[in-house]
Amino acid sequence: MLKKIFIILMFSGILVSCGSRKGTNRIVTKNAEAVSVIKKHYSNETSFKTVSGKLRAVYEDAEKTQSVNLSFRMEKDKAIWMSASVLGFPVAKAYITPNSVSYYEKVNQSYFDGDFRLLSDLLGTPLDFQKLQNLLIGQAIYDLRSEEYDFSQSPRGFQFVSNGSGTIKKMFLLDPLSYKAGAQQLAQEGDNRSVTVTYSDYQKVDGHVFPEGIKIIANEGASSTNIALTYKSISFDEELSFPFEVPSGYEEISLK
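Counting in the working numbering, the sequence shown runs from 663 upward without gaps.
(1) When burial is assigned at 16 or more other CB atoms within 10 Å of the CB, is Val925 buried or exposed?
(2) By how many angstroms is the C-alpha of Leu835 removed from the C-alpha of Phe822?
(3) Less than 8 Å separating the beta-carbons of Lys716 and Ser895?
(4) Along the chain, where does the alpha helix (DSSP H) that runs through Lys922 open and close?
(5) From which residue to which residue does the alpha helix (DSSP H) around Ser698 run?
(6) Closest to Asp739 by CA distance: which of Gly844, Ala845, Leu797 and Ser824 is it?
(7) Excluding sequence positions up to five away, which residues of its chain have a Cβ less than 7 Å from the Cβ of Glu919?
(8) Kindly give me the distance between the Cβ atoms of Tyr912 and Gln771, rounded to whole angstroms, as I take these residues to be in contact under 8 Å.
(9) Using only alpha-carbon positions, find the residue among Asp863, Val690, Arg688 and Glu882 that is nearest to Gly875.
(10) Could you spell out where the alpha helix (DSSP H) holding Asn796 opens and where it closes?
(11) How would you write the range of the beta strand (DSSP E) that Ala843 sits in, first residue to last?
(12) Are the beta-carbon atoms of Ser714 and Ser897 separated by less than 8 Å?
(13) Have a look at the DSSP bridge pairing and note the partners of Gly776.
(14) Quick one: Cα of Lys842 to Cα of Ala890, how far?
(15) From Val871 to Ser709, what distance separates their C-alpha atoms?
(16) Tell me which residues share the same chain as Leu732 and place their Cβ nearer than 6 Å to its Cβ, disregarding the 5 neighbours each side in the sequence.
(17) Give the secondary structure of Leu784 by DSSP, where H, G and I count as helix, E and B as strand, and everything else as coil.
(18) Under DSSP, the beta strand (DSSP E) around Arg718 begins and ends at which residues?
(19) From what residue to what residue does the beta strand (DSSP E) around Lys831 run?
(20) What first and last residue would you give for the beta strand (DSSP E) that runs through Pro873?
(21) Is the separation between the beta-carbon of Ala754 and that of Glu737 shorter than 8 Å?
(22) By the 10 Å Cβ neighbour count, where 16 or more other Cβ atoms means buried, how is Val769 classified, buried or exposed?
(23) Go ahead and pull the three-state DSSP assignment for Asp863.
(24) How would you call Pro873, buried or exposed, if buried means at least 16 neighbouring beta carbons within 10 angstroms?
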């Protein structure tokens, strides 16, 4: 189960990283209202060192629906760790850093241990830890400051849409009250694949604003996969460990 969630998150990371630029504090757009909204989005970014908690994940594709409980830990800009359990028994773990991607599952006794460069070479497109992190914490996946967007406002919020340049069509909807992400949609129309991320609500814990629920819809060709994540019992800025060691005797997953 964690393997499927892990793959979809990596798919999202693949798509959102294509052709991305490094973050910048300089705002490209000349629209004064858009500039004000963008500044509030980044000034309202949740500031934390670590976050941990429980996740309820529901995976659904054309064939089946499955659910699993996840323990979740993150050290901002440094590490994302997940452990899946069924009926209280651990069945899989994933550990992601800016330089490494590791995963193992007990059912098939298999593992993957590599880095973003290996995955990037194999898939022909760059991966990016930062954008995966942004997806999980409710920040715009792409840096809104770094390019021009068509800007509009409606009762649903502030919308930024790419103006047609580049290979990826992008849409970001920011909540009109919190200025956090309400929805994000990225599509590579030429390759007939897309990812849509929606945030059901936000919770405030110890002064930190954090997503309450995230739904990810990944489409590729005629196939569609949905993952619904619900954060529970979130804690901030505690000392965390990220235990990860592949059990002996496990078979390495070959991506060649």
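Glycine included, each C-beta is placed from N, C-alpha and C at the ideal position.
Note that the coordinates shown come from a computational prediction; the quantities given were computed from them, not determined experimentally.
Put simply:
(1) No information on residue 925 is available, as it lies outside the stretch 663 to 918 that the chain covers here.
(2) Counting from one through the sequence shown, the residue named residue 822 turns up at place 160. Counting from one through the sequence shown, the residue named residue 835 turns up at place 173. Each residue's alpha carbon lies about 6 Å from the other.
(3) Position 54 of the sequence shown, counting from 1, holds the residue named residue 716. Position 233 of the sequence shown, counting from 1, holds the residue named residue 895. Cβ atoms of Lys716 and Ser895: closer than 8 Å.
(4) Since the first residue shown for the chain is 663 and the last is 918, residue 922 is missing from the structure and cannot be characterised.
(5) Counting from 1 along the sequence shown, the entry for residue 698 is found at position 36. First-last of the alpha helix (DSSP H) with Ser698: Ala694 to Ser705.
(6) Residue 739 sits at position 77 when you count from the first residue of the sequence shown. Minimum Cα distance to Asp739 is reached at Leu797.
(7) No information on residue 919 is available, as it lies outside the stretch 663 to 918 that the chain covers here.
(8) In the sequence shown, residue 912 corresponds to position 250, counting from 1. In the sequence shown, residue 771 corresponds to position 109, counting from 1. About 5 Å separates the two Cβ atoms, so the contact holds.
(9) By 1-based counting over the sequence shown, the position of residue 875 is 213. Among Asp863, Val690, Arg688 and Glu882, the Cα nearest to that of Gly875 is on Asp863.
(10) Residue 796 sits at position 134 when you count from the first residue of the sequence shown. Counting along the chain, the alpha helix (DSSP H) containing Asn796 begins and ends at Phe791 to Ile799.
(11) Here the question's residue 843 lines up with position 181 in the sequence shown. Ala843 to Gln850 is the extent of the beta strand (DSSP E) around Ala843.
(12) Counted from its first residue, the sequence shown places residue 714 at position 52. Counted from its first residue, the sequence shown places residue 897 at position 235. It is a contact, given that the beta carbons lie within the stated cut-off.
(13) Counted from its first residue, the sequence shown places residue 776 at position 114. In the DSSP output, where bridge partners are listed per residue, Gly776 has Val763.
(14) Along the sequence shown, read from residue 1 onward, the residue named residue 842 stands at position 180. Along the sequence shown, read from residue 1 onward, the residue named residue 890 stands at position 228. Cα to Cα, the separation comes out at about 19 Å.
(15) Counting from 1 along the sequence shown, the entry for residue 871 is found at position 209. Counting from 1 along the sequence shown, the entry for residue 709 is found at position 47. One C-alpha to the other measures close to 9 Å.
(16) Translated into positions along the sequence shown, residue 732 becomes position 70. If we look at Leu732 and ignore the five residues flanking it on each side, its Cβ neighbours are Leu717, Ala719, Met744 and Ala746.
(17) Sequence index remark: in the sequence shown, residue 784 carries index 122 (1-based). With a pLDDT of 45 at Leu784, under the threshold of 50, the modelled position of that residue is not reliable, and the figure given next carries that caveat. Looking at Leu784 - three-state DSSP - the assignment turns out to be helix.
(18) Along the sequence shown, one-based indexing puts residue 718 at 56. Start and end: Thr712 to Glu722.
(19) Sequence index remark: in the sequence shown, residue 831 carries index 169 (1-based). Here the beta strand (DSSP E) through Lys831 covers Lys831 to Leu836.
(20) Residue mapping note: residue 873 aligns to position 211 of the sequence shown, counting from 1. Start and end: His870 to Glu882.
(21) Residue mapping note: residue 754 aligns to position 92 of the sequence shown, counting from 1. Residue mapping note: residue 737 aligns to position 75 of the sequence shown, counting from 1. Contact: no.
(22) Taking the sequence shown and counting its residues from 1, one reaches residue 769 at position 107. So Val769 ends up on the exposed side.
(23) As a working note, residue 863 is residue 201 in the sequence shown. Here Asp863 sits in strand by DSSP.
(24) Here the question's residue 873 lines up with position 211 in the sequence shown. Buried, since its Cβ has 16 or more Cβ neighbours within 10 Å.
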